[in-house]
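Novice: Numbering (my numbering), first residue to last: 420 to 823. Backbone N, C-alpha and C define an ideal beta-carbon position, used for all residues, glycine too. Model, not experiment: these values are computed from the prediction. Quick one: structure below, then a few questions.
Right, dumping it as structure tokens:
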């Protein structure tokens, strides 16, 4: 039989048992839709995270060379890790358009703090400080306000967990003092510390907030910081420029004997984050995809029932000259048709579900060509794999036994 005739015969057989065909397809539809939804939302989340972490005010390519002093602590004895000589030094490197000193992230900085009221604590806690305006929900006391900013007040708000670490389980943390680099800061408010921004590192959560003016007045100095930001000229490879600048600083940097220089490669970090998120997405998809195996067993069961019910039809076709191969191909095509139609329906359903879900999430779902190809491959594989045994069973039926 020609392929078109076999295909037409297969589709007629499926249409003849519409209810059984639809019920068998449901498992495929749900399985494919679930996988597509997870991949689409996972891809959207991955893109949103990377975009949030890499967004800049311009299209310039910027690399960062960090300086890590041998002494620990954010507020050590030395704040000016780079000087003008370092800037002029890296400007001599081919491909460096501009060099300037700055903080890597002024809104997310490690500090060390202690409380003299907590007995038995010898070592200071390392906390994450934020000097940007707080959006936390205050559960005790008050938030930082404009008066604190104008007066550069020595006040802070802290998370409840850090309050318990610093002061133990007491009735109230408000009014108590935190020692930061030998200076006392009064706690004016407490928040629970639940992170809500899942699109950035801020999701890790902050431990303590202080007014920005207070930080700038007491700790920040002009041209201070542990980050040397290099703007790369077009036409140059950022990695090559960074390696050359790093070599110059290691040989001639003003603080080379007091610590170490290190290139902060945002692209490499983004690749790592992207790979991790992709692995998590595929792992969850694989777990959900187990339902497709169950659906495949359903397809096999239906095909065996179909072979059993159509034994007489198989015998008549064989008697009229149909080959074993044509019988086998017909049942293979029936199984493939069920899974392909179910797979494409599941793809459409997955697109709809992920699009609806993205309306309630801070990022859009992304359905790409890979998802479409994955649907076709999975559907074809399930259709062929779970139809082979029933198809072989139909092809191997003995014509004499059937005619009896």
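Please go through the same chain and pick out, in chain order, the residues whose beta-carbon is closer than 8 Å to the beta-carbon of residue 807, but skip the five residues on each side of it.
Specialist: Correct list, in chain order: 751.
Novice: Is the Cβ-Cβ distance between residue 628 and residue 577 less than 9 Å?
Specialist: Yes, Cβ-Cβ distance for residue 628 and residue 577 is below 9 Å.
Novice: What are the residues that DSSP puts in a beta bridge with residue 697?
Specialist: Beta-bridge pairing links residue 697 to no other residue.
Novice: List the DSSP bridge partners of residue 683.
Specialist: Residue 683 pairs with 483.
Novice: Can you tell which of 674, 587, 785, 809 has the C-alpha that lies nearest to the C-alpha of residue 458?
Specialist: The option with the nearest alpha carbon to residue 458 is 785.
Novice: Out of 749, 594, 712, 711, which one is the CA nearest neighbour of residue 726?
Specialist: Nearest of 749, 594, 712, 711 to residue 726, Cα basis: 749.
Novice: Considering only C-alpha positions, which residue in the set 580, 587, 454, 424 is nearest to residue 797?
Specialist: Ranking the options by Cα distance to residue 797, first place goes to 454.
Novice: Between the region 665 to 685 and the region 499 to 511, can you find at least three pairs of beta-carbon atoms closer than 8 Å?
Specialist: Counting Cβ pairs under 8 Å, three or more are found: they touch.
Novice: What runs of the beta strand (DSSP E), each 3 residues or longer, lie entirely inside the region 757 to 789?
Specialist: Within the region 757 to 789, no complete beta strand (DSSP E) run reaches 3 residues.
Novice: For the region 551 to 577, which segments carrying the alpha helix (DSSP H) assignment without a break, of at least 4 residues, lie completely within its bounds, in sequence order?
Specialist: Qualifying alpha helix (DSSP H) stretches, in chain order: 565 to 570.
Novice: Whole angstroms is fine: what's the gap from residue 800's alpha carbon to residue 707's?
Specialist: Whole-angstrom Cα-Cα distance: 17 Å.
Novice: Between the region 772 to 792 and the region 711 to 719, are three or more C-beta pairs nearer than 8 Å?
Specialist: No, the region 772 to 792 does not touch the region 711 to 719.
Novice: Whole angstroms are fine: how far does the CA of residue 631 sit from the CA of residue 497?
Specialist: With a pLDDT of 42 at residue 497, under the threshold of 50, the modelled position of this residue cannot be trusted, and the question is left open.
Novice: For residue 645, is the classification buried or exposed, using 16 other Cβ atoms within 10 angstroms of its Cβ as the cut-off for buried?
Specialist: The residue in question, residue 645, is buried, as its Cβ has 16 or more Cβ neighbours within 10 Å.
Novice: So does the region 736 to 743 actually touch the region 478 to 487, counting three or more Cβ pairs closer than 8 Å?
Specialist: Verdict: no, contact absent.
Novice: For residue 792, I'd like the list of residues in its chain whose CB is within less than 6 Å of its CB, leaving aside the five on either flank, ordered along the chain.
Specialist: Excluding positions up to five away in sequence, the list is empty.
Novice: Any idea what DSSP makes of residue 628, helix, strand or coil?
Specialist: Reduced to three states, the DSSP call for residue 628 is strand.
Novice: Between which residues of its own chain and residue 675 is the CB-CB distance below 8 Å, once the five residues before and five after are set aside?
Specialist: Cβ neighbours of residue 675 beyond the five flanking positions: 668, 669.
Novice: What does a CB cutoff of less than 7 Å around residue 429 pick up in its chain, not counting 5 residues either side in sequence?
Specialist: Result list for residue 429: 749, 752, 753, 756, in chain order.
Novice: What span of residues does the alpha helix (DSSP H) with residue 720 cover, start to end?
Specialist: Counting along the chain, the alpha helix (DSSP H) containing residue 720 begins and ends at 709 to 728.
Novice: Buried or exposed for residue 626, please, with buried defined as at least 16 other CB atoms from any protein chain shown within 10 angstroms of its CB.
Specialist: Residue 626 is buried by the Cβ-count criterion.
Novice: Would you decide whether residue 603 is buried or exposed? Buried here means 16 or more other CB atoms lie within 10 Å of its CB.
Specialist: Exposed, by the Cβ-count rule.
Novice: Helix, strand or coil: which one does DSSP assign to residue 816?
Specialist: DSSP places residue 816 in coil when its eight states are reduced to three.
Novice: Rounded to whole angstroms, what's the CA-CA distance from residue 657 to residue 516? Just pull it up for me.
Specialist: Cα-Cα distance, rounded: 12 Å.
Novice: Under a three-way DSSP split, which group does residue 513 fall into?
Specialist: Coil, per DSSP.
Novice: On a Cα-Cα basis, can you pick out the residue from 814, 773, 610, 582 that is closest to residue 554?
Specialist: Comparing Cα positions, the closest option is 610.
Novice: Leaving out five residues on either side along the sequence, give the residues of the same chain with a beta carbon under 6 Å from the beta carbon of residue 648.
Specialist: Around residue 648: 481, 483, 519, 521.
Novice: Run through DSSP, which three-state label would residue 466 get?
Specialist: The answer is helix: DSSP assigns residue 466 an H, G or I state.
Novice: So the candidates are 556, 764, 595, 559; which of them puts its Cα closest to the Cα of residue 456?
Specialist: Among 556, 764, 595, 559, the Cα nearest to that of residue 456 belongs to 764.
Novice: Output needed for residue 636: all residues of its chain with C-beta closer than 8 Å, excluding positions within five of it in sequence on either side, in chain order.
Specialist: Excluding residues within five positions, the ones whose Cβ falls inside 8 Å are 571.
Novice: Assuming residue 814 and residue 746 make a contact with CB atoms under 8 Å, what is their CB distance in whole Å?
Specialist: Indeed they touch by this definition, with Cβ atoms about 5 Å apart.
Novice: Can you grab the Cα-Cα spacing for the pair residue 732 / residue 692, in whole Å?
Specialist: Using only the alpha carbons, I get a separation of about 58 Å.
Novice: Taking only the alpha-carbon atoms, compute the straight-line gap between residue 467 and residue 601 and give it to the nearest angstrom.
Specialist: Going by the C-alpha atoms only, they are around 40 Å apart.
Novice: Can you list, in chain order, the residues of its chain with a C-beta nearer than 7 Å to that of residue 768? Leave out the 5 residues immediately preceding and following it.
Specialist: 448, 452, listed in sequence order.
Novice: Could you give the C-beta distance for residue 561 and residue 607, rounded to a whole number, given that I count them as a contact under 8 Å?
Specialist: Correct: roughly 6 Å between the Cβ atoms.
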